[in-house]
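> Mind looking over this structure? Questions follow.
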Amino acid sequence: MCGQSSRPDGVLPPPRVAVLDNGLQVRIIESHTAPLVSVWCWYGVGSKDEGPGLTGASHWVEHMNFKGTAGIPADEFKQFIDRFGGFWNGYTWIDQTTYVATATKDALDQMLFLEAERMDRCLYDAAATESERTVIVSELQGGENDPDHLLDIEVTATAFKAHPYRHPTIGWVGDLHAMSRDDLHGYYRRYYTPTNATLVIVGDVDADDALRQAERRFGGIRAGAIPTRRRTVEPAQTGERRLEIEREGTTGYLKVAYHAPAATDPDFAPMLVLDAALTGAKGLNLWASFGGPTPQRRARLYRSLVDAGHAAAVDGSFVATADPYLFMVSATAAGGTPLAELRDLTLAALDTVCAGGIPPDEVARARRQLQARIVLENNSITNIGHQVGFFETVAGPGVLVQLPARIAAVTSEDVARVAARYLATSNRTVGWFQPI
Amino acid sequence: MTPTLGLAPVREQLANGVTLIVTQTPTQPAVTISAAMSAGSLCDPIGAEGTAHLLSRLLDRAAGTRAADEVADVLDFHGVSPSITVSRHTTTVSCDCLAGDVEPVLGLVGDMLRAPACLDADVEIRRGQVMTGLREDEDSPSTRALDAVMPLLYGAHHPYGRATKGSPATVEPIERSELLDFHAARFAPDRLTLVLVGDITVSAAVAAATEACGGWRGQAAPLVSPPLLPPAPPVHRRLIIPMPAKSQADIVYGFTTIVRSDPAFYAYWVMNNVLGQYGIGGRLGQSIRERQGMAYYAGSMFEAGHIAGPLLVRAGVNAENVDRALESIDIEVAGLARDGATGQEVMRAKRYLCGAMPRSLETNAAIARFLQTAQQFDLGLDHDSRLPGLVDAVTVEAVAEAARRTLIPEQAAVVIAGPYEGS
């Protein structure tokens, strides 16, 4: 055992950076705290890259990429990492698709072999495509069982008029029924190239040796064309939008979404602090909620809504994205509080901050919370690998390393400025789920 | 198969009976605090189900000499948010904090467990949150199916059949005095196991624990022991919970199994991996998801406890596929019981379970959970070192015997919740 995986200020050790001849970006961090290694392979493709008729393609392709390759039969693929006691998974979101495996370090070569196979030699068997269609529709229907999830989809679709962030990552059900095997295979061939990928290796490895192994497994894959993309810029919102879902249910839910800055925007760090002051610090990891509840007892909205008995829960969501996305506040109505009252109280609290900012002591607490969460969230090589690859893919090099210092430098004036800019009435979409 | 892991925890007992277990790890400048009190929903008075759960929701409000705002200040200043959970046997407070913050955070955790004030205003706020949570559960097919299978398996009045969170009817009338009585009777230093894992020495941990909990005096009422054998008859039981507005149906298909101290535990662990975990959901996932494309999730979970715990098969499927999915579960369950697992399946499952151990003990929080379990079931401080050998010793015959004893479709308790009204 030697060395800690992150410093007390939350800054991760600098990765070994390399680019293979075919364009594959490689990042390696040595961490010798356990005999384990985590391999993440990231692709710069997500639901924002999908056009009409193809919504859900990125996610479906992710599923298909577990259905066998030329070198790994379909019925062995999902057991491949289990042979080493490993954890494996994949996920797709608006900007990125990624695959992970974490296992004992003797599995490194096989993990790299599997990812190289996935990048270039997936089968896209027609029968497997049809079988997976119903699995994905089942996943979609499982999500629809949750009214909060349903509301999230509707609010997001209302907040964006033009940008493809408006459609859900799982896709619209009509597209899921209509897409063909060839649509999916074409999408795979277009985006799964070394030039559109980042390989991250974190764990008990020698960086030089790990790089040699990566070159051996990935070096023979042809570079492929850099995918060209047409970008749609969401026009500035010109007025508040509201929507209501009325459905059978037991509980009322409220969501307020504001257009918010992208990860590379100078306003990103002040917005993180603003979110922490309003609803508690989540850290920087997309999956922070899995690490336990948010510290939020002194947060503005917790005090005014939950402590006062109007809401059973309140939460905020603001994460790093490639293009400007959303800062979303969610609240669950407490029994006896009409949704309209919860909505008015929430908007009034947000309008107060929009007009007057946050006092310095609350900003200082929010900064400190964020700094603690950043240290605590880097608690495993899997999480470190995620953070390195995620920020490289959605924000580019250097952003993650700089964030702790950028957060430390945020002032109450910065927070007041972003609150005035982004929490404006004309910039928001308000939605609620009214149970009947 | 796997090298000895060697957590090498140290166990100390404070003068007032608090059990302290410490493992120093250098991974991060952080420490996990896990405080488990042997007082869970088993201790709920009859008719007041949900008492332990409601009390748990009040632990992080006013406590000792601290007002609720002061508790909130300490937590938020240090970026700490305790996770407070209630099982049938324990109430557990756990959190991660920076290494330099252990003393103030542990001091607060000690106050939360020793002297929650349960002020009237806080009781009403927290009761409201619990009631909202119960209403949300009523709207979730997966939660309703999972909750409903336990009384089917154990009987509605068995301690394992009663709802841990209670119901609106039982939570609504709980008085503040009942919460305080429950705390006085069930929370005591000799029922507390405190586990500290992270960047902290044993001597510093003992000093911090003594400062936080050493002054606590008191004795708890005798432990509640549930009947060892579930009273529910081992016959096929089936419950449909129609939820026509939902998009998907959730199936839970369960059995009772064995106690944790049963020597067959490791054979059951391997058997469950074969049935519903290996790869993506074991044999069940291979059939229901991979071959038939019927479900996003299909698999099984196994939990042995102080009494015979449950093995639950779970799947989420379109209502049109419920009957076909149930038939597939019947086939896989009966097939494993009849023929056992193959030598290759057992070998693969054992290799997976042993190989997963270093990974499953990578974080401080995971180590803390492992040590709490080892303490709860008296598995020994060296359990992490012995575990690979115990799994490795499982035979094909032992796995077949575990399947034969338990996986009997005619004795399953089955719940379907969702847009399904029966075939």
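Taken in sequence, the protein lines are chains E and W. In this text, residue positions in the first sequence follow the working numbering: the first is 9, and each later residue adds one. In this text, residue positions in the second sequence follow the working numbering: the first is 18, and each later residue adds one. Ideal placement from N, C-alpha and C gives every residue a C-beta, glycine not left out. As the structure is a prediction and not an experimental result, all values here were calculated from the model.
Using only the alpha-carbon positions, how far apart do Met364 (chain W) and Asp356 (chain W) sit?
As a first step, residue 364 (chain W) must be located in the second sequence, where it is residue number 347. As a first step, residue 356 (chain W) must be located in the second sequence, where it is residue number 339. Their Cα atoms are separated by approximately 16 Å.
> At what residues does the alpha helix (DSSP H) containing Cys230 (chain W) begin and finish?
Within the second sequence, residue 230 (chain W) is the residue found at index 213, counting from 1. Unbroken alpha helix (DSSP H) run through Cys230 (chain W): 219-230.
> Given a cut-off of 8 Å on the beta-carbon distance, is the pair Gly300 (chain W) and Leu353 (chain W) in contact?
The residue you call residue 300 (chain W) lines up with position 283 of the second sequence. The residue you call residue 353 (chain W) lines up with position 336 of the second sequence. At residue 300 (chain W) the sequence reads Arg, which differs from the Gly that was named. Yes.
> In chain C, which residues lie with their C-beta within 9 Å of the C-beta of Thr100 (chain E)?
Checking the listed chains, one finds no chain C in this structure; the protein chains it contains are E and W.
> Is it buried or exposed, Lys169 (chain E), if we count other Cβ atoms within 10 angstroms and call 16 or more buried?
Your numbering for residue 169 (chain E) matches position 161 in the first sequence. Exposed: under 16 other Cβ atoms inside 10 Å.
> Closer than 9 Å between beta carbons: that is the criterion. Which residues of the region 150-182 of chain E meet it against chain W?
Residues Gly150, Gly151, Glu152, Asn153, Asp154, Pro155, Asp156.
> Can at least three beta-carbon pairs, one atom from the region 413-432 of chain E and one from the region 278-290 of chain E, be found at a separation below 8 Å?
The region 413-432 of chain E is in contact with the region 278-290 of chain E.
> Buried or exposed: where does Ala134 (chain E) fall if 16 or more other Cβ atoms within 10 Å of its Cβ makes it buried?
Residue mapping note: residue 134 (chain E) aligns to position 126 of the first sequence, counting from 1. Flag for Ala134 (chain E) reads exposed.
> Taking C-alpha atoms, which residue in E:Ala330, E:Glu223, E:Gly288 lies nearest to Val371 (chain E)?
To locate residue 371 (chain E), count along the first sequence from 1; it is residue 363. Of the candidates E:Ala330, E:Glu223, E:Gly288, the one whose C-alpha sits nearest the C-alpha of Val371 (chain E) is E:Gly288.
> Taking one C-beta from the region 176-190 of chain E and one from the region 122-129 of chain E each time, how about it: are there three or more such pairs within less than 8 Å?
Contact between the region 176-190 of chain E and the region 122-129 of chain E is absent, because fewer than three Cβ pairs lie under 8 Å.
> Between which two residues does the beta strand (DSSP E) carrying Tyr270 (chain W) extend?
Position 253 of the second sequence, counted from the start, is the residue given in the question as residue 270 (chain W). Where Tyr270 (chain W) is concerned, the enclosing beta strand (DSSP E) stretches over 266-273.
> Contact defined as beta carbons within less than 8 Å: I believe Gly52 (chain E) pairs with Thr401 (chain E). What is the distance between those atoms, to the nearest angstrom?
Walking along the first sequence from the start, residue 52 (chain E) turns up at place 44. Walking along the first sequence from the start, residue 401 (chain E) turns up at place 393. Confirmed, about 6 Å.
> Please return the same chain residues whose Cβ sits closer than 6 Å to the Cβ of Val97 (chain W), not counting the five positions on each side in sequence.
Counted from its first residue, the second sequence places residue 97 (chain W) at position 80. Closer than 6 Å at the Cβ level, and outside the excluded window around Val97 (chain W), lie Cys112, Cys114, Val122.
> Nearest CA to the CA of Pro379 (chain E): which residue from E:Ser338, E:Ala413, E:Arg306?
Reading the first sequence from its first residue, position 371 is the one you call residue 379 (chain E). The question names Pro, yet the displayed sequence has Gln at residue 379 (chain E). Among E:Ser338, E:Ala413, E:Arg306, the Cα nearest to that of Gln379 (chain E) belongs to E:Ala413.
> Does any residue of chain W bring its CB to less than 8 Å from the CB of Val423 (chain E)?
Looking up residue 423 (chain E) in the first sequence gives position 415. No, because no Cβ of chain W sits closer than 8 Å to the Cβ of Val423 (chain E).
> With 8 Å as the threshold, decide whether the Cβ of Arg306 (chain W) is near any Cβ in chain E.
As a first step, residue 306 (chain W) is located in the second sequence; it is residue number 289 there, counting from the start. Chain E contact via Cβ: present.
> To test your reading of the DSSP string, which unbroken beta strand (DSSP E) runs of 3 or more residues are found completely within the region 302-344 of chain E?
Those beta strand (DSSP E) runs which fall completely within the region 302-344 of chain E and span 3+ residues are 319-325, 334-341.
> Please list, in chain order, the residues of the region 231-263 of chain E that have any C-beta partner in chain W closer than 9 Å.
Of all residues in the region 231-263 of chain E, Arg255, Glu256, Gly257, Thr258, Thr259 have a Cβ within less than 9 Å of some Cβ in chain W.
> Are Pro7 (chain W) and Asn33 (chain W) touching if we call contact CB-CB under 8 Å?
Here chain W has residues from 18 to 440 only, and residue 7 (chain W) is not among them.
> Short check: CB of Asp322 (chain E) to CB of Ala339 (chain E), under 8 Å?
As a working mapping, residue 322 (chain E) is identified with position 314 in the first sequence. As a working mapping, residue 339 (chain E) is identified with position 331 in the first sequence. Per the sequence presented here, residue 322 (chain E) reads as Val, with Asp not at that position. Their beta carbons are under 8 Å apart, which means Val322 (chain E) touches Ala339 (chain E) by this criterion.
> Distance, Cα to Cα, Ala162 (chain W) vs Asp117 (chain E)?
Counting from 1 along the second sequence, the entry for residue 162 (chain W) is found at position 145. Counting from 1 along the first sequence, the entry for residue 117 (chain E) is found at position 109. Each residue's alpha carbon lies about 42 Å from the other.
> Just checking my contact of Arg78 (chain W) with Asp139 (chain W) at CB under 8 Å: how many whole Å lie between their CB atoms?
As a working note, residue 78 (chain W) is residue 61 in the second sequence. As a working note, residue 139 (chain W) is residue 122 in the second sequence. Confirmed, about 4 Å.
> Taking the alpha-carbon of Gly172 (chain W) as reference, which of W:Phe272, W:Ser264, W:Gly298, W:Val188 has the nearest alpha-carbon?
As a working mapping, residue 172 (chain W) is identified with position 155 in the second sequence. The shortest C-alpha separation from Gly172 (chain W) is found at W:Phe272.
> Excluding the five sequence neighbours on either side, which residues of its own chain have a C-beta within less than 8 Å of the C-beta of Ala47 (chain W), listed in chain order?
Taking the first residue of the second sequence as 1, we reach residue 47 (chain W) at position 30. Here the set comprises Asp113, Cys114, Leu115, Ala116, Gly215, Asp216, Asn381.
> So the beta strand (DSSP E) Met318 (chain W) belongs to, where does it begin and stop?
The residue labelled residue 318 (chain W) in the question sits at position 301 within the second sequence. Segment 312-319, the beta strand (DSSP E) holding Met318 (chain W).
> Please classify Arg105 (chain W): does DSSP put it in a helix, a strand, or coil?
As a position in the second sequence, residue 105 (chain W) is number 88, starting the count at 1. Residue state, collapsed to three classes: coil.
> Considering just the uninterrupted stretch of the alpha helix (DSSP H) at Ser184 (chain W), what are its terminal residues?
Numbered from 1 along the second sequence, position 167 holds the residue referred to as residue 184 (chain W). Counting along the chain, Ser184 (chain W) falls outside any alpha helix (DSSP H), and DSSP gives it neither H nor E.
> Could you check the C-alpha separation between Pro62 (chain W) and Ala56 (chain W) for me, to the nearest Å?
Taking the second sequence and counting its residues from 1, one reaches residue 62 (chain W) at position 45. Taking the second sequence and counting its residues from 1, one reaches residue 56 (chain W) at position 39. Approximately 12 Å between the Cα atoms of the pair.
> DSSP state of Tyr437 (chain W), grouped into three classes?
The residue given as residue 437 (chain W) occupies position 420 in the second sequence. Reduced to three states, the DSSP call for Tyr437 (chain W) is coil.
> Just tell me which of E:Val25, E:Thr437, E:Phe441, E:Ile415 has its CA closest to the CA of Asp216 (chain E).
Numbered from its first residue, the first sequence carries residue 216 (chain E) at position 208. For Asp216 (chain E), the nearest C-alpha among the options comes from E:Val25.
> For the beta strand (DSSP E) containing His267 (chain E), name the first residue and the last one.
For the purposes of this step, residue 267 (chain E) is taken as residue 259 along the first sequence, with counting starting at 1. Element bounds for His267 (chain E): 261-267.
> Name, in chain order, the residues that DSSP records as bridge partners for Glu252 (chain E).
In the first sequence, counting from the first residue as 1, residue 252 (chain E) sits at position 244. Answer by DSSP bridge pairing, in chain order: E:Trp440.
> Quick check on DSSP: helix, strand or coil for Glu349 (chain W)?
On the second sequence, position 332 is the one that residue 349 (chain W) refers to. It is helical.
> Does Gly179 (chain E) pass the burial test, meaning 16 or more other C-beta atoms within 10 Å, or should it be called exposed?
By one-based count along the first sequence, residue 179 (chain E) stands at place 171. By the neighbour-count rule (16 or more Cβ atoms within 10 Å), Gly179 (chain E) is buried.
> Judging by CA-CA distance, which residue of W:Pro426, W:Glu344, W:Ala429 is the nearest neighbour of Ser440 (chain W)?
Within the second sequence, the letter at position 423 stands for residue 440 (chain W). Ser440 (chain W) has its Cα closest to that of W:Glu344, out of W:Pro426, W:Glu344, W:Ala429.
> Alpha helix (DSSP H) containing Ser194 (chain W): first to last residue?
For the purposes of this step, residue 194 (chain W) is identified with residue 177 of the second sequence, where counting begins at 1. Looking at the DSSP string, the run of the alpha helix (DSSP H) that includes Ser194 (chain W) is 193-203.
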